[in-house]
Amino acid sequence: MNYKLSALELRTISLLDTALSISELSEKTGVTKGYISRTVASLKDKGFVETSKRGITKKVALSSNLHAARLKSLFHNRSYMPLEELLQGSAIQVLAVLACSSADFARLRDESGVSKATLWRRVRKFKEHAMLQSRDDEYELPQDLKDIREFLEYYCSYFAVSTLKEISPAGSFIAAKGFEFLFSLKGEIMHENVRSTGLTLISEEIPLMLTENYYFYASRTLSREEIAVHAIVADPRSKRNLTYVIMYILKARLDMSLFLKIAKRYKVEDIAGSVLKLLNTWEQPEEPYMPDPAYVREKLKEYNIRW
831 MNYKLSALEL RTISLLDTAL SISELSEKTG VTKGYISRTV ASLKDKGFVE TSKRGITKKV
891 ALSSNLHAAR LKSLFHNRSY MPLEELLQGS AIQVLAVLAC SSADFARLRD ESGVSKATLW
951 RRVRKFKEHA MLQSRDDEYE LPQDLKDIRE FLEYYCSYFA VSTLKEISPA GSFIAAKGFE
1011 FLFSLKGEIM HENVRSTGLT LISEEIPLML TENYYFYASR TLSREEIAVH AIVADPRSKR
1071 NLTYVIMYIL KARLDMSLFL KIAKRYKVED IAGSVLKLLN TWEQPEEPYM PDPAYVREKL
1131 KEYNIRW
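Below, the structure written as structure tokens:
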């Protein structure tokens, strides 16, 4: 599923106050019926519209999916903004990253997958329309763009679930981060945009038994710190998972500051903070989901890992 939205797709959505026929959409947009039909098919694949037959006439209506409703409300509530320009093409890739957390230029480029020149153009355009602000060398979405953030979160989740069904119907969705997502599967998978992560990769350095494998859908290379965070996200309250995360942090000598920063992007910074506190103090944690320090030490000795 291609998640990018063209200007015509966005224009079509903005017109769907009521169900319209292909002919009516063609007339309102000024493009051919064939072109509109292809646009509608693309929007249907992305979950924005649904079609029905009334006699010989095909009617197009907004779907009941949350991302469709949120986008339609954006066109209504933010009619003063050129949303067809601000959300089309690669713009939505950049915004999806920022919907999760603030990011500096390098990370924004890496996670959005757009070129340096394209990113600069998008940043300038977003700033022109007060869609972007800078703080401590990082870009972030302003607080008053909550509705745009919600649309992106709903759309990214829909994309993740739909794409996972295409990749492997047996896969179990765990979490989305922009147009990237984490999932598990009882078995192995080969796909150009899927890489092993979490306990699956940790088990290559610290042997352990797994009943399923963990994967991340993304085109970029993952850092070891992000791999460790994925192990937390997969099951945040698992003492077993957290024990192996602690062991991996020590064995791979992870950058703890980066580990905590990445955990914040996935909204598990509280758990990551508890992990680092245990490593710093080796005292019994208050949190019931945290492993016992004595047990962790036993496992470290078993695997000959220094602490």
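Counting with this note's numbering, you get residues 831 to 1137 for the letters of the sequence shown.
Glycine included, each C-beta is placed from N, C-alpha and C at the ideal position.
The bridge partners DSSP lists for Ala1048 come to none.
Rounded to whole angstroms, Glu1113 and Val1063 show a C-alpha spacing of 24 Å. Here Thr1073 is not bridged, per DSSP, to any residue. Taking C-beta separations shorter than 8 Å and ignoring five residues to either side along the sequence, the partners of Asn895 in its chain run Gly877, Phe878, Tyr984, Tyr988, following chain order. DSSP places Tyr969 in no alpha helix (DSSP H) but in the uninterrupted beta strand (DSSP E) bounded by 968 to 970. Two segments are said to touch when three or more pairs of C-beta atoms, one from each, lie closer than 8 Å; by this definition the stretch 939 to 948 does not touch the stretch 899 to 908. A distance below 8 Å between beta-carbons, with the five flanking residues on each side excluded, links Ala1000 to the following residues of its chain, in chain order: Leu1015, Lys1016, Gly1017. For the 9 Å CB-CB criterion, Arg937 and Val927 form a contact. By the C-beta criterion, the stretch 1095 to 1108 is judged to be in contact with the stretch 1056 to 1070, since at least 3 inter-stretch pairs fall below 8 Å.
Here Thr887 is bridged, per DSSP, to Arg884. Its Cα nearest to that of Thr887, the residue Leu855 stands out among Leu855, Lys874, Ala899, Ile997. Annotation: the continuous alpha helix (DSSP H) that includes Ala929 extends over 921 to 930. Out of Leu949, Tyr1125, Lys995, Cys930, the CA that lies nearest to the CA of Leu982 is found in Cys930.
Rounded to whole angstroms, the gap between the alpha carbons of Asn832 and Ser992 is 11 Å. The stretch 1122 to 1133 and the stretch 1076 to 1095 touch, with no fewer than 3 CB-CB distances between them shorter than 8 Å. Boundaries of the alpha helix (DSSP H) harbouring Lys902: 896 to 907, taken from the DSSP string. The DSSP-derived three-state label of Ser1068 is coil. Glu1035 has its alpha-carbon roughly 23 Å from the corresponding atom of Ile1004.
Exposure of His1021 is indicated by the presence of fewer than 16 other C-beta atoms within 10 angstroms of its C-beta. Of Leu1088, Leu1052, Gly1028, the smallest CA-CA separation from Leu1072 is found for Gly1028. Listed in chain order, the non-local C-beta contacts of Ser853 below 7 Å within the same chain comprise Lys863, local neighbours out to five positions each way being set aside. Residue range 946 to 958 is occupied by the alpha helix (DSSP H) that includes Val953. In the three-state DSSP reduction, Gln973 falls in the helix class (H, G or I). The beta carbons of Ser844 and Lys883 sit no closer together than 9 Å.
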